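Q: Sharing a structure here in structure tokens format.
Chains as they are written, first to last, in this note's numbering: chain C, 37 to 569; chain F, 122 to 434.
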């Protein structure tokens with residue numbers, strides 16, 4: 037073959053290949069309308085909602101695995117897989133009956149033994165589950181549709197535990213899968229939810245695909261968050277991972293994606309200008325920013341040093357650094373519970389209100405015995421929520437006259453370092469920043485506010501009064517009793533500074549105008565979401 | 122020649138062994154804990170420890186390293202801590218987009234850079250030469266992501282000619298494949314166009330002053346023939362060297378480009394794995410890229426003998 041013949045052949049091959057590309061059947065408009073392309077907050081790197089408790093795993097799992105109960109928009113647990121429940125008069129025996137016709141994605145019926153196995157796995161990892169397990173006398177399948185949980189003492193938060201949306205949520209799996217060690221990852225992704233996971237199309241870091249499960253029978257009630265009828269109006273949902281915010285913004289404007297879970301505030305003005313795009317608050321329960329101080333070592337082992345920081349800090353500074361100047365996106369938070377929810381209180385919150393008194397804070401810090409030793413402040417620079425908080429804190433501590441050892445690192449390192457109990461100079465720390473979903477702060481069930489010393493969350497606060505009020509909330513039988521306990525808890529936790537809340541903030545979501553049915557909630561709910569061509 | 126190739130391939134073995142030991146040691150001493158990332162915020166320290174044990178991260182360095190080496194010797198790169206998928210399968214899922222991006226970038230860079238480098242040398246010290254060199258400086262100076270955003274704004278958002286993000290496999294057609302790669306390749310290729318153009322110009326300037334070029338001109342040979350047949354061939358060794366080095370650097374550039382254009386390639390897999398401390402994936406990728414680097418260097422060395430028959434191994 038000479039040069040000309042080669043070039044001719046190559047050109048012909050190229051033209052044929054190109055023609056092949058053009059001849060590839062284009063996805064029809066109708067089919068495109070049945071596929072929803074969604075950009076999640078993060079990559080779905082694993083898919084076991086009990087083993088990995090990241091929110092993104094929970095959000096995807098809510099499509100694939102159903103729950104016994106589901107929390108509705110009034111934060112009340114409603115029946116989902118359960119048809120009826122009965123609790124004995126002494127509050128010790130809970131009997132649940134599953135609704136008929138529930139099926140797993142492999143065609144097998146959902147049986148009580150599957151539920152029992154799932155509860156066993158979940159209760160080994162979840163904080164509320166662990167509490168129930170500690171009270172458990174027996175958990176058994178009575179028949180195919182009935183299971184019974186027998187306790188040694190009444191547990192009034194049973195339905196909340198089974199229906200909550202905080203991670204790990206109580207998802208029901210087939211018994212053979214739920215038999216997996218809760219500290220090891222499952223290898224089959226079979227649920228009974230309205231969508232099934234298409235494992236063959238899963239490319240971690242890039243794409244996850246879910247298809248409508250034809251045999252799913254939704255409840256008849258109107259849908260409300262995790263409760264009610266989970267009716268799917270699209271056949272296929274593609275999660276497309278986009279680590280770059282500007283790219284996601286351009287893709288949404290260009291119509292390459294339909295729904296973006298969490299655009300950063302900086303890009304929202306651009307999106308709002310586009311008449312094909314809708315922008316609204318994603319989750320009315322928002323998020324709570326915070327930093328935690330290490331109660332084990334100086335200077336923060338002295339409550340006066342912790343209170344000095346609280347007296348000097350301006351939540352407005354933190355919130356503006358986080359979400360900018362949009363006043364709709366943040367509010368100060370003189371407490372630990374999510375604003376707008378039944379248990380919200382500002383009891384004892386005066387220390388975070390009003391003009392900041394730097395001089396008084398300096399005096400209090402001096403009284404604590406602080407003498408200029410370095411304060412190791414560990415800041416994850418790769419998280420848009422922790423970095424600005426860390427910058428504000430570093431400035432605050434310097435203005436207080438503290439010697440800041442600013443450790444700029446990544447979230448993976450913070451996750452490991454915060455667990456180190458050694459002194460700060462030996463790999464430990466004195467301060468780190470994080471945030472909590474507001475949905476997880478509607479009550480004290482999460483571990484963050486616990487103050488049980490060695491067993492408490494990172495920072496290891498030891499405040500008996502806080503623990504007593506958390507227990508009082510668990511024991512409370514009425515909303516008024518719960519509120520009374522929470523008021524005392526908020527006050528005690530602020531007085532002892534279990535941790536420092538930096539404020540309450542909201543985030544936006546954005547979607548194409550041809551997508552309907554998107555609601556605000558603590559996670560993206562895909563049921564009743566439709567898309568027109 | 123064959124002996125040389127065999128000797129070079131054998132020489133890669135200790136290099137790969139050193140790389141393996143270095144990477145493993147580096148990850149072992151690096152801060153961070155995948156168990157803490159997996160466990161999430163609700164987990165207690167005891168939970169984190171249980172996960173660490175189940176992943177085998179609590180075992181001594183030598184045990185873990187020995188196990189990993191044993192796996193490698195059995196052509197097994199291990200299993201991802203996070204996805205529970207085999208590392209080889211994860212890399213296989215991601216290698217086509219990265220190789221495609223590198224190939225298109227290389228074709229774009231060489232096809233632009235070599236001609237303009239030749240022209241710049243031919244018209245040395247002219248306005249055209251200065252314009253080309255100014256472009257080269259610009260190509261060096263502007264970060265890949267800036268070029269990427271500008272291209273996306275113009276060609277995707279304003280003109281709607283090309284998609285903003287994603288990747289379509291070659292099996293779905295040449296044009297669908299290419300249209301996803303044009304902007305990333307141009308963004309990534311700018312720096313290589315600049316680099317190769319400068320080297321081409323420098324190499325050509327030297328060659329164009331040789332006696333045989335003057336002789337060719339005296340014999341009335343056409344300028345194009347002189348430049349592209351006689352001069353370029355003799356200037357090709359440094360150009361081939363810089364292209365070879367460029368390919369290695371493309372691997373690094375692909376990380377940013379794949380992020381900006383949401384291309385599911387090995388570059389993004391690397392970043393994700395590092396952020397999560399997914400040790401088996403990081404180790405597998407570094408090993409693969411080390412091999413690729415060594416292999417490309419070998420190819421360039423062999424290419425020298427083709428470009429310059431005086432070179433013999």
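Note that CB positions come from ideal geometry on N, CA and C, so glycine has one too.
Treat the numbers as computed from the prediction; the structure is a model and nothing was measured.
Please tell me whether residue 393 of chain F has its Cβ less than 7 angstroms away from any Cβ of chain C.
A: Numbered from its first residue, the second chain carries residue 393 of chain F at position 272. So, interface residue.
Q: What does a CB cutoff of less than 7 angstroms around residue 561 of chain C pick up in its chain, not counting 5 residues either side in sequence?
A: Counting from 1 along the first chain, the entry for residue 561 of chain C is found at position 525. Within the same chain, residue 561 of chain C has close Cβ partners 261 and 555.
Q: Quick one: residues in its chain with C-beta nearer than 7 angstroms to the C-beta of residue 429 of chain F, no 5 flanking neighbours on either side, listed in chain order?
A: For this step, residue 429 of chain F is matched to residue 308 along the second chain. So the qualifying residues of the chain are 358.
Q: Would you kindly work out how many angstroms separate the C-alpha atoms of residue 304 of chain F and residue 393 of chain C, rounded to a whole number?
A: If you number the second chain from 1, residue 304 of chain F lands on position 183. If you number the first chain from 1, residue 393 of chain C lands on position 357. Cα to Cα, the separation comes out at about 54 angstroms.
Q: Inspect the CB distances between the stretch 247-262 of chain F and the stretch 334-349 of chain F and report whether three or more fall short of 8 angstroms.
A: Taking 8 angstroms as the limit for Cβ pairs, the verdict is that the stretch 334-349 of chain F does not touch the stretch 247-262 of chain F.
Q: Since residue 399 of chain F and residue 202 of chain F should fall inside the 8 angstroms C-beta cutoff, what is the C-beta to C-beta distance between them, to a whole number of angstroms?
A: The residue given as residue 399 of chain F occupies position 278 in the second chain. The residue given as residue 202 of chain F occupies position 81 in the second chain. Residue 399 of chain F to residue 202 of chain F, Cβ: 5 angstroms. Contact.
Q: Out of curiosity, what's the CA-to-CA distance linking residue 57 of chain C and residue 288 of chain F?
A: Along the first chain, read from residue 1 onward, the residue named residue 57 of chain C stands at position 21. Along the second chain, read from residue 1 onward, the residue named residue 288 of chain F stands at position 167. In this prediction, residue 57 of chain C has a pLDDT of 41, which is less than 50 and means its spatial position is unreliable; nothing more can be read from the coordinates.
Q: One question on the structure: do residue 276 of chain C and residue 73 of chain C come within less than 7 angstroms of each other, judged by their Cβ atoms?
A: In the first chain, counting from the first residue as 1, residue 276 of chain C sits at position 240. In the first chain, counting from the first residue as 1, residue 73 of chain C sits at position 37. Yes, these two residues count as a Cβ contact at 7 angstroms.
Q: Taking 7 angstroms as the threshold (C-beta atoms), are residue 313 of chain C and residue 307 of chain C in contact?
A: Reading the first chain from its first residue, position 271 is the one you call residue 307 of chain C. Reading the first chain from its first residue, position 277 is the one you call residue 313 of chain C. For residue 307 of chain C and residue 313 of chain C, yes; Cβs fall inside 7 angstroms.
Q: Going straight from the alpha carbon of residue 326 of chain C to that of residue 472 of chain C, what length do you get?
A: What you label residue 326 of chain C is simply residue 290 of the first chain in a count that begins at 1. What you label residue 472 of chain C is simply residue 436 of the first chain in a count that begins at 1. Distance between the alpha carbons of residue 326 of chain C and residue 472 of chain C: 8 angstroms.
Q: Under 8 angstroms Cβ-Cβ, which residues of chain C neighbour residue 175 of chain F?
A: One-based indexing of the second chain puts residue 175 of chain F at position 54. Chain C residues near residue 175 of chain F: 217, 219 and 220.
Q: Could you check how far apart the C-beta atoms of residue 195 of chain C and residue 366 of chain C are, in whole angstroms? I think they sit under 8 angstroms.
A: Here the question's residue 195 of chain C lines up with position 159 in the first chain. Here the question's residue 366 of chain C lines up with position 330 in the first chain. At roughly 32 angstroms, the Cβ-Cβ gap does not stay under 8 angstroms, so residue 195 of chain C and residue 366 of chain C are not in contact.
Q: If you compare alpha carbons, which of C:284, C:177 and C:372 is closest to residue 539 of chain C?
A: Residue mapping note: residue 539 of chain C aligns to position 503 of the first chain, counting from 1. Nearest of C:284, C:177 and C:372 to residue 539 of chain C, Cα basis: C:372.
Q: To the nearest angstrom, how far is it from the Cα of residue 157 of chain C to the Cα of residue 164 of chain C?
A: Counting from one through the first chain, the residue named residue 157 of chain C turns up at place 121. Counting from one through the first chain, the residue named residue 164 of chain C turns up at place 128. Going from the Cα of residue 157 of chain C to the Cα of residue 164 of chain C covers about 13 angstroms.
Q: Using the Cβ count rule (16 or more neighbours within 10 Å means buried), how would you classify residue 408 of chain C?
A: Within the first chain, the letter at position 372 stands for residue 408 of chain C. Exposed is the call here.
Q: Does DSSP put residue 59 of chain C in a helix, in a strand, or in coil?
A: Position 23 of the first chain, counted from the start, is the residue given in the question as residue 59 of chain C. Unreliable placement is indicated for residue 59 of chain C, whose pLDDT of 41 sits below 50; the coordinate value is still reported in the next sentence. In the structure shown, residue 59 of chain C sits in a helix (DSSP, three-state: H, G or I).
Q: Enumerate in chain order the residues of its own chain whose CB-to-CB distance from residue 503 of chain C is below 8 angstroms, with the five nearest sequence positions on each side excluded.
A: On the first chain, residue 503 of chain C is found 467 positions in, with the first residue counted as 1. Result list for residue 503 of chain C: 486, 487 and 488, in chain order.
Q: Pair every Cβ in the stretch 81-90 of chain C with every Cβ in the stretch 248-256 of chain C, then say whether three or more of these pairs are closer than 8 angstroms.
A: No: the two stretches stay apart, fewer than three of their Cβ pairs being nearer than 8 angstroms.
Q: Examine chain F for any beta-carbon lying closer than 7 angstroms to the beta-carbon of residue 279 of chain C, and answer yes or no.
A: For the purposes of this step, residue 279 of chain C is identified with residue 243 of the first chain, where counting begins at 1. Chain F contact via Cβ: present.
Q: Answer yes or no: the CB of residue 529 of chain C versus the heavy atoms of the ligand GDP, is any distance below 6 angstroms?
A: Among the components of this structure there are no ligands whatsoever, and the ligand GDP is therefore not found.
Q: Between the stretch 383-392 of chain F and the stretch 227-245 of chain C, are three or more C-beta pairs nearer than 8 angstroms?
A: Contact between the stretch 383-392 of chain F and the stretch 227-245 of chain C is present, because at least three Cβ pairs lie under 8 angstroms.
Q: Determine which residues of the stretch 367-396 of chain F have a Cβ less than 7 angstroms from any Cβ of chain C, and write them out in chain order.
A: The residues in question are 380, 381, 382, 383, 385, 389, 390, 393 and 396.
Q: Under the three-state reduction of DSSP, which class applies to residue 498 of chain C: helix, strand or coil?
A: Locating residue 498 of chain C in the first chain gives position 462, counting from the first residue. In this structure, residue 498 of chain C counts as strand in the three-state DSSP scheme.
Q: In angstroms, rounded to a whole number, what distance separates the CA positions of residue 475 of chain C and residue 293 of chain F?
A: As a first step, residue 475 of chain C is located in the first chain; it is residue number 439 there, counting from the start. As a first step, residue 293 of chain F is located in the second chain; it is residue number 172 there, counting from the start. Spanning the two alpha carbons is a distance of roughly 43 angstroms.
Q: Using Cβ-Cβ distances below 9 angstroms, what residues of the stretch 232-246 of chain C are close to chain F?
A: Here the close residues are 238, 239, 240, 241, 242 and 243.
Q: By the criterion of Cβ-Cβ separation under 7 angstroms, what are the contact partners of residue 79 of chain C in chain F?
A: Taking the first residue of the first chain as 1, we reach residue 79 of chain C at position 43. Per Cβ cutoff of 7 angstroms: 393.
Q: With a 10 Å radius around its C-beta and 16 neighbouring C-beta atoms as the bar for buried, classify residue 401 of chain F as buried or exposed.
A: Position 280 of the second chain, counted from the first residue, corresponds to residue 401 of chain F. By the 10 Å Cβ count, residue 401 of chain F comes out buried.
Q: Which one or two residues does DSSP pair with residue 327 of chain C in a beta bridge?
A: Walking along the first chain from the start, residue 327 of chain C turns up at place 291. BP columns for residue 327 of chain C point to C:469 and C:536.
Q: Residues in the same chain with beta-carbon distance under 8 angstroms from residue 126 of chain F, minus the five sequence neighbours each way, listed in chain order, please.
A: Along the second chain, read from residue 1 onward, the residue named residue 126 of chain F stands at position 5. Closer than 8 angstroms at the Cβ level, and outside the excluded window around residue 126 of chain F, lie 419 and 423.
Q: Counting only Cβ-Cβ distances shorter than 8 angstroms, please list the residues of the stretch 270-303 of chain F near chain C, keeping chain order.
A: Hits within the stretch, in order: 270, 273, 274, 277, 278, 281, 284, 285, 286, 287, 293, 294, 295, 296, 297 and 298.
Q: Which residues in chain F have a C-beta closer than 8 angstroms to the C-beta of residue 292 of chain C? List them in chain order.
A: Within the first chain, residue 292 of chain C is the residue found at index 256, counting from 1. Under the 8 angstroms cutoff, chain F gives 284, 285, 286 and 287.
Q: If distances are taken between C-alpha atoms only, which option among C:525, C:315 and C:530 comes closest to residue 295 of chain C?
A: For this step, residue 295 of chain C is matched to residue 259 along the first chain. Measuring from the Cα of residue 295 of chain C, the nearest candidate turns out to be C:315.
Q: Which residues in the same chain have their Cβ closer than 6 angstroms to the Cβ of residue 269 of chain F, if we skip the five residues on either side of it in sequence?
A: Taking the second chain and counting its residues from 1, one reaches residue 269 of chain F at position 148. Only 308 and 381 meet the Cβ criterion.
Q: Going by DSSP in three states, residue 389 of chain C sits in which element: helix, strand or coil?
A: In the first chain, counting from the first residue as 1, residue 389 of chain C sits at position 353. In the structure shown, residue 389 of chain C sits in coil (DSSP, three-state: anything other than H, G, I, E or B).
Q: What does the alpha-carbon distance come out to for the pair residue 417 of chain F and residue 411 of chain F?
A: Position 296 of the second chain, counting from 1, holds the residue named residue 417 of chain F. Position 290 of the second chain, counting from 1, holds the residue named residue 411 of chain F. Distance between the alpha carbons of residue 417 of chain F and residue 411 of chain F is about 10 angstroms.
Q: Once the 5 residues before and after residue 481 of chain C are set aside, which same chain residues still bring their CB inside 6 angstroms of it?
A: Here the question's residue 481 of chain C lines up with position 445 in the first chain. Correct list, in chain order: 164.
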